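Going by our numbering, the first residue of the sequence shown is number 12, and it counts up by one from there.
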Amino acid sequence: MYEASSVWNGNKEQNNFHNDENMQLNMYSWKWQTCTEIVLEYCYSGPPKDFFWPTCTANDVLQKHINSCQMLADIGWNSSMVKEDFVKNTYGFSFANATNLIFTKLTQTAAILSMDVL
């Protein structure tokens, strides 16, 4: 585990930051991850919560995500591989022991208020 995490923390002598020859493979790798274990259900909800026009609802966001994964069918992916609750079931939603959290699209105040450190 330490060796795997050190790659992401930059504690190695060499890091592969320029990998054009593997770019297509890397794109498939992340897409595979989001289409199996780390399901990222996101879309625009529209006003008043969102500036953009709505692109999905809570009822169809998962199906739209699954549809976007069809590009992986030629390398063995199918919809039965989607584990929507993998992160929750494997790690839980308690951040009591979490470190190195990265909050995106939050103000500093919102990020601080979202953490339950007690």
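All C-beta atoms in this analysis are idealised placements derived from N, C-alpha and C, irrespective of residue type, glycine included.
Just so we're clear, the structure is a prediction, and the values are computed from it rather than from any experiment.
Let me make sure I understand the geometry here. Which of 54, 55, 83 and 90 has the alpha-carbon closest to that of residue 38? In the sequence shown, residue 38 corresponds to position 27, counting from 1. Of the residues 54, 55, 83 and 90, the one whose Cα lies closest to the Cα of residue 38 is 83.
Assuming residue 48 and residue 97 are in contact, meaning their beta carbons sit under 8 Å apart, how far apart are those beta carbons, in whole angstroms? As a position in the sequence shown, residue 48 is number 37, starting the count at 1. As a position in the sequence shown, residue 97 is number 86, starting the count at 1. About 4 Å separates the two Cβ atoms, so the contact holds.
Between residue 80 and residue 46, how many whole angstroms is the CB-CB distance? I'm expecting something under 8 Å. Within the sequence shown, residue 80 is the residue found at index 69, counting from 1. Within the sequence shown, residue 46 is the residue found at index 35, counting from 1. Residue 80 to residue 46, Cβ: 4 Å. Contact.
Does residue 68 come out as helix, strand or coil in the three-state DSSP assignment? Looking up residue 68 in the sequence shown gives position 57. In this structure, residue 68 counts as coil in the three-state DSSP scheme.
Can the beta-carbon of residue 41 be found less than 9 Å from the beta-carbon of residue 88? Position 30 of the sequence shown, counting from 1, holds the residue named residue 41. Position 77 of the sequence shown, counting from 1, holds the residue named residue 88. No; because the gap between Cβ atoms is not below 9 Å, this pair is not in contact.
For residue 51, which of helix, strand or coil comes out of DSSP? Stepping through the sequence shown from its first residue, residue 51 is reached at position 40. Residue 51 falls in the coil class under three-state DSSP.
To which residues of the same chain is residue 75 closer than 6 Å at the C-beta, ignoring the five residues directly before and after it? Here the question's residue 75 lines up with position 64 in the sequence shown. Beyond the five residues adjoining it in sequence on each side, residue 75 comes within less than 6 Å, by CB distance, of 67 in the same chain, given in chain order.
If you follow the alpha helix (DSSP H) that residue 99 is in, where does it begin and where does it stop? One-based indexing of the sequence shown puts residue 99 at position 88. 97 to 102 is the span of the alpha helix (DSSP H), which, as asked, contains residue 99.
Helix, strand or coil for residue 43, going by three-state DSSP, please let me know. Residue numbering aside, residue 43 sits at position 32 when the sequence shown is read from its first letter. The DSSP-derived three-state label of residue 43 is helix.
DSSP three-state call for residue 61: helix, strand or coil? Locating residue 61 in the sequence shown gives position 50, where the first residue counts as 1. The answer is coil: DSSP assigns residue 61 none of H, G, I, E or B.
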